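Have a look at the structure below before the remarks.
There are 2 protein chains.
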Amino acid sequence: MTYIAPLADIRFALREVAGQSDVAALPGYENATEDMIDAVLDEAGKLSANVLAPLNRVGDQQGAKLENGVVRSPEGFVDAYRQFIDGGWNSLPFDPDYGGQGMPWLLATAVQEMWQSANMGFGLVLLLNQGAIDAIQHHGTADQKATYLPKMISGAWTGTMNLTEPQAGSDLAQLRCRAVPNGDHYLVTGQKIFITYGEHDMAENIVHLVLARTPDAPPGVRGISLFIVPKFLPNPDGSPGKRNDVRCVSIEHKLGIHASPTCVMSFGDDGGAVGWRIGEEGRGLSYMFTMMNNARLAVGVQGLAIAERAYQQAAAYARGRVQSKDDTKPDPKPVTIIHHADIRRMLMTMRSQIEAMRGLGYYTAAAIDCALRHPDDAARRQAQDRADLLIPVVKAWFTDLGNEIASLGVQVHGGMGFVEETGAAQHLRDARILPIYEGTNGIQARDLVGRKIGKDGGETMRGLIAEMHALATELEVVPGDDMAVLAGSVETAARTLEEATAWVAEAGRADIGAALAGSAPFLRLAGTALAGWLLAKGALVAHRRLVSREGDPAFNEAKIVTARFYGEVILPPALALLGPLKSAGRTVFALAEEQF
Amino acid sequence: MTYIAPLADIRFALREVAGQSDVAALPGYENATEDMIDAVLDEAGKLSANVLAPLNRVGDQQGAKLENGVVRSPEGFVDAYRQFIDGGWNSLPFDPDYGGQGMPWLLATAVQEMWQSANMGFGLVLLLNQGAIDAIQHHGTADQKATYLPKMISGAWTGTMNLTEPQAGSDLAQLRCRAVPNGDHYLVTGQKIFITYGEHDMAENIVHLVLARTPDAPPGVRGISLFIVPKFLPNPDGSPGKRNDVRCVSIEHKLGIHASPTCVMSFGDDGGAVGWRIGEEGRGLSYMFTMMNNARLAVGVQGLAIAERAYQQAAAYARGRVQSKDDTKPDPKPVTIIHHADIRRMLMTMRSQIEAMRGLGYYTAAAIDCALRHPDDAARRQAQDRADLLIPVVKAWFTDLGNEIASLGVQVHGGMGFVEETGAAQHLRDARILPIYEGTNGIQARDLVGRKIGKDGGETMRGLIAEMHALATELEVVPGDDMAVLAGSVETAARTLEEATAWVAEAGRADIGAALAGSAPFLRLAGTALAGWLLAKGALVAHRRLVSREGDPAFNEAKIVTARFYGEVILPPALALLGPLKSAGRTVFALAEEQF
Chain A
0 MTYIAPLADI RFALREVAGQ SDVAALPGYE NATEDMIDAV LDEAGKLSAN VLAPLNRVGD
60 QQGAKLENGV VRSPEGFVDA YRQFIDGGWN SLPFDPDYGG QGMPWLLATA VQEMWQSANM
120 GFGLVLLLNQ GAIDAIQHHG TADQKATYLP KMISGAWTGT MNLTEPQAGS DLAQLRCRAV
180 PNGDHYLVTG QKIFITYGEH DMAENIVHLV LARTPDAPPG VRGISLFIVP KFLPNPDGSP
240 GKRNDVRCVS IEHKLGIHAS PTCVMSFGDD GGAVGWRIGE EGRGLSYMFT MMNNARLAVG
300 VQGLAIAERA YQQAAAYARG RVQSKDDTKP DPKPVTIIHH ADIRRMLMTM RSQIEAMRGL
360 GYYTAAAIDC ALRHPDDAAR RQAQDRADLL IPVVKAWFTD LGNEIASLGV QVHGGMGFVE
420 ETGAAQHLRD ARILPIYEGT NGIQARDLVG RKIGKDGGET MRGLIAEMHA LATELEVVPG
480 DDMAVLAGSV ETAARTLEEA TAWVAEAGRA DIGAALAGSA PFLRLAGTAL AGWLLAKGAL
540 VAHRRLVSRE GDPAFNEAKI VTARFYGEVI LPPALALLGP LKSAGRTVFA LAEEQF
Chain B
0 MTYIAPLADI RFALREVAGQ SDVAALPGYE NATEDMIDAV LDEAGKLSAN VLAPLNRVGD
60 QQGAKLENGV VRSPEGFVDA YRQFIDGGWN SLPFDPDYGG QGMPWLLATA VQEMWQSANM
120 GFGLVLLLNQ GAIDAIQHHG TADQKATYLP KMISGAWTGT MNLTEPQAGS DLAQLRCRAV
180 PNGDHYLVTG QKIFITYGEH DMAENIVHLV LARTPDAPPG VRGISLFIVP KFLPNPDGSP
240 GKRNDVRCVS IEHKLGIHAS PTCVMSFGDD GGAVGWRIGE EGRGLSYMFT MMNNARLAVG
300 VQGLAIAERA YQQAAAYARG RVQSKDDTKP DPKPVTIIHH ADIRRMLMTM RSQIEAMRGL
360 GYYTAAAIDC ALRHPDDAAR RQAQDRADLL IPVVKAWFTD LGNEIASLGV QVHGGMGFVE
420 ETGAAQHLRD ARILPIYEGT NGIQARDLVG RKIGKDGGET MRGLIAEMHA LATELEVVPG
480 DDMAVLAGSV ETAARTLEEA TAWVAEAGRA DIGAALAGSA PFLRLAGTAL AGWLLAKGAL
540 VAHRRLVSRE GDPAFNEAKI VTARFYGEVI LPPALALLGP LKSAGRTVFA LAEEQF
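Have a look at this one:
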């Protein structure tokens, strides 16, 4: 089963939901003309479908292999990576001063969706590099930027994020890796685990960003600094030089993303890995936070991407597999299973949530662009607040859905779904990491309730809710049953989210335990409601196009049907989390540890 | 991580929810004294924990292997199987006339839960054998029973069910395997796929039950007959004789249950496999249906079992893993993660649904016993109707939850959950087959709505709902907040299920497409509501025990807290499926095939 980039859906979400033209009009994005964006999307679609997607199963079967300290990529990956960077794809959203193309994050997000749908095991190297580039861009010295950014932005070198240690996962305060000053640099020692693409054979150098403690640093998070530790120390001419004292000592045997080596990295076995501090001492963790929005958005987009891939495969199977008669017709002849009610329910559940995610994900990317580029201070600030609020929702809700939708993809295949050759199971295995890494979904829910709602008492959320009410009002006056149903569901979603937000804001002050016990259901309610709003917004555009006979009527009709299914079938159980999120605190803490 | 049979919870569900003493009082179950049942549970707990559970990971890692036509079990499996049958465990619920112990299905179900929790890959051979024994017991001739039942009931021989062919999965009408009369037997030819334990090295003979067509049989299901095709033809003295013309030609590479060989079986490559018809010509499929209740209950119990295993592992990890401070306390010291709100929410979600499933599963097993043994005709009929109604709910809802709970088990482990060595991921991989085999969950939902509600217009369901109302009334007058909350949630569940049932019954007559589009949400609503009733019933018992200072107060308190969590957190989103189940039909059929 191949992957075909859903360009029509992607363009619709970019233009009609996320406001592509507003983003393209921001200062600094002058190159992002409509033609240019279209061309980029077309070419990315080709590369993802023709080069990356066919390697997805190879990557799963062969996996990355560690042999004598060298990690070998699965067959075809080195060549695909070369094609990828030769095409200039890695540089799309980055600073033109260092070789980037300076395109909007909105476009980069749409393109990212395609890479991750096509081949998540491959796509991970891009995400990690993006995070490392962001960190150096924001916090590096001019020299550091000049040395590393051009290589990393072109993709000749890749970056990693070295955070986790065995005793320090979600709780980075427990870090023990050390960095001792030694002349113009530091010597870094210690062990890091779960390092994605910590070692591989696709790039000529690997730039590790490492969190470590300096001597005499205070305990806890304020003692943590960030260091650049390249695999090969750069020569004065910029080429990779002497091998640094850092190595991959083992790779994990994982449930999925087999192509992506998850490394145990050992720093300083021969005395200390040479590293250079980024920014000030003791601010390592706060630097990490500055790049987290992009990284978490990207992981959320992986959830969307794997869901899209699973959906395409399931829909294709359902169109081809003949089994049993149509229950709604007298004809006893077996039909393709796409005629069966429950198969359709599963496919609609998949596609409606995929489109919902796509709208919300792209909307969030547009907010990031706006926060970076908008000429007006207040607009920039509002956009930043919205991005900050939406990021944990995107990361957690998308990745939960990615798993649910990949599981539905298996189910549509029946017995064949459980057989690895079919490929549906790989998506489920690959998807399972997403709710865990880059901050578990529990951490995201805590961030949403504790920091984001806590920060402004729900003010930013109320700004979004006001727009939901406005859309509902707009929909109400449009004739026809579909728009009336959508008006009702957007209004109900807005009111429910309003009540939930008010409760969470209050509980966050009065009873943090209760607020956190309800944080995961709150996040799901919020994600489902907000994405439903954007889906309805798209449906209204589709309706107006149908009326004005603009565009493909089948496409526009499908947008309306899909939004209505979402409003009538997907939304109600999510809104019914209002009671649970308020009451979970009553029982969640009631049992003693030993009663579990 | 080991498995410990949750004997206290199992006993509670048997006695207080499923009515163990009523079942034990049925004619024919005289041996099922309380002491005997207790002893059986204790010993099953030991065997499952000490022998079967330690082989679970070995089975996953090594898998079953096909070499030169022989399937080799993973290390230790042959010996474990020998211990299992030497202990007489296989014969527990079967007919004493053929060496069985004639114990209630209720007890067999509780014991089955333990085998499946301990080692699902191993446990599958038992389930398949059980199904084959049932078929021969109900439909075989006296000679067939005498030849096969003693061997199969002891476990010396195992059985298989050969149904599926590549073009005939859910739709068995498409079967092509042939059986041609040849003297006193038939010659069977054709290929079967997805044959669980179709070949293995743990038993001295394998008895294949095969669906095939006789010459001149009509097309469709009425042309299908059932045949016994043993791997070795029995000698007159009952020992395995000549090798039959049936072989395993390949085994599937699957997502999970690696220890269980899923075979492609080829019949008659050398002219025809010798087989004997069971029962009448053309009734093969109806014979299959008669044994489906037990088989589907058993698969549902696998969902419960894998959930219990995942829960035990997650709870143990959460009690041991230290990470981050307690958000509800000022102390900055990191604590075990079981203190964190969202970890607790996940554990409570797991345990409350596990206890809910156990209650409903055992209740259904008790109904099967009652339907078999009750001296009163009307009581037998009512019990059979209830079992028939509940079976698709148990099969589908339990197995969906098995997957959701295994996935939560991975999540509680964080990054370690994604690493195969931890073992949490195996449960998720193993669980994924459950919603597929023995009738996909979509087929179960169709059975529930189309046949079971369709048969009596919802009368049997209304009988259960009446008992829900009665419990709510009983709970209302009990003092205390917990019982009041449970009274409210049981009453709301009863009313919602009542409305949903009425709608489904009506739609089933008026618009079968709409009824089927809502069938899966209806099944989930029904399962969640009915199991909530039984959970509340148990909580009331626990409350009374607390008041009368009977039993372990911590155990009784936990039962109440768990039921309340379920009522406040788990139930509302499931009851909110009422709207979706009614409205799904409006959009599910709206898109053309090519719009997907």
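Just so you know, the sequences run in chain order A and B.
Every letter in the first sequence is one number past the one before it in numbering that gives the first Met the number 0, and letter 576, counting from 1, is 575.
Every letter in the second sequence is one number past the one before it in numbering that gives the first Met the number 0, and letter 583, counting from 1, is 582.
Where is the CB? At the ideal position from N, CA and C, for every residue including glycine.
Here the structure is a predicted model, which means the values were calculated and not measured.
From the listed residues B/413, B/384 and B/443, the smallest Cα separation to residue 392 of chain B is found for B/443. Its chain contains 512 and 516 as the residues whose beta carbon lies nearer than 8 Å to that of residue 588 of chain B, once the 5 sequence neighbours on both sides are disregarded; these appear in chain order. Within chain B, the residues whose beta carbon sits less than 7 Å from that of residue 568 of chain A are 579, 582 and 583, listed in sequence order.
With fewer than three CB-CB distances shorter than 8 Å, the segment 86-101 of chain B does not count as touching the segment 3-23 of chain B. Taking the CA atoms as reference points, residue 274 of chain A sits about 22 Å from residue 249 of chain A. Interface criterion met: the Cβ of residue 253 of chain B is under 8 Å from a Cβ in chain A. The beta carbon of residue 396 of chain A sits closer than 7 Å to the beta carbons of 522, 523 and 526 from its chain, once the five residues preceding and following it are set aside; these are given in chain order. Listed along the chain, the chain A residues whose CB falls inside 7 Å of the CB of residue 594 of chain B are 553 and 557.
From the beta-carbon of residue 89 of chain B, no residue of chain A is found nearer than 9 Å; the closest lies around 26 Å away. Across the structure, residue 57 of chain B and residue 74 of chain B are spaced so that their CA atoms are roughly 7 Å apart. In this model, residue 41 of chain B and residue 363 of chain B are separated by some 22 Å (Cα to Cα).
Rounded to the nearest whole angstrom, the C-alpha separation of residue 23 of chain A and residue 31 of chain A is 6 Å. Going by beta carbons, residue 244 of chain B and residue 271 of chain B fall inside the 8 Å limit. By the Cβ test, the segment 326-334 of chain A is not in contact with the segment 423-437 of chain B, since fewer than three Cβ pairs between them sit closer than 8 Å.
Within chain B, no C-beta atom comes nearer than 9 Å to that of residue 460 of chain A; the closest sits roughly 20 Å away. The Cβ-Cβ distance between residue 221 of chain B and residue 168 of chain B does not fall below 8 Å.
Within the DSSP bridge table, the entry for residue 83 of chain A names no partner. Any Cβ of chain A closer than 8 Å to the Cβ of residue 285 of chain B would place that residue at the interface, and such an atom is absent. Excluding sequence positions up to five before and after residue 374 of chain B, its CB lies within less than 7 Å of the CB of 26, all in the same chain and listed in chain order. Chain A has no Cβ within less than 8 Å of the Cβ of residue 3 of chain B. Nearest in C-alpha terms to residue 105 of chain A, of all of A/306, A/160 and A/300, is A/300. Per the Cβ contact rule, the segment 297-312 of chain A is not in contact with the segment 178-191 of chain A (fewer than 3 Cβ pairs under 8 Å). By the rule that beta-carbons nearer than 8 Å mark a contact, residue 346 of chain B touches chain A. Taking C-alpha positions only, residue 15 of chain A is separated from residue 18 of chain B by approximately 60 Å. Ranked by Cα distance from residue 560 of chain A, the first of A/539, A/125 and A/207 is A/539. For residue 14 of chain B, there is no enclosing alpha helix (DSSP H), as DSSP marks it with neither H nor E. The continuous beta strand (DSSP E) containing residue 249 of chain B extends over residues 245-250.
Note on geometry: alpha-carbon atoms of residue 135 of chain A and residue 144 of chain A lie some 6 Å from one another. Counting every other CB atom within 10 Å of its CB across the protein chains shown gives residue 149 of chain A a total of 16 or more, marking it as buried.
In terms of CA proximity to residue 531 of chain A, A/354 leads the group A/212, A/195, A/354 and A/292. At the C-beta level, residue 203 of chain B and residue 260 of chain B stay beyond 8 Å of one another. Within the segment 356-431 of chain A, the complete alpha helix (DSSP H) runs of at least 4 residues fall at 376-411 and 423-430. Residue 132 of chain A is positioned such that its CB atom lies no closer than 8 Å to that of residue 98 of chain A. Close CB contacts of residue 123 of chain B within its chain, under the 7 Å cut and outside five residues either way in sequence, are with 195, 196, 256 and 259 (chain order). The beta carbon of residue 478 of chain B does not come within 8 Å of any beta carbon belonging to chain A, so the residue lies off that interface. Take residue 155 of chain B, set aside five residues on each side of it, and the residues of its chain with a beta-carbon closer than 8 Å to its own are 84, 202, 203 and 204, in chain order.
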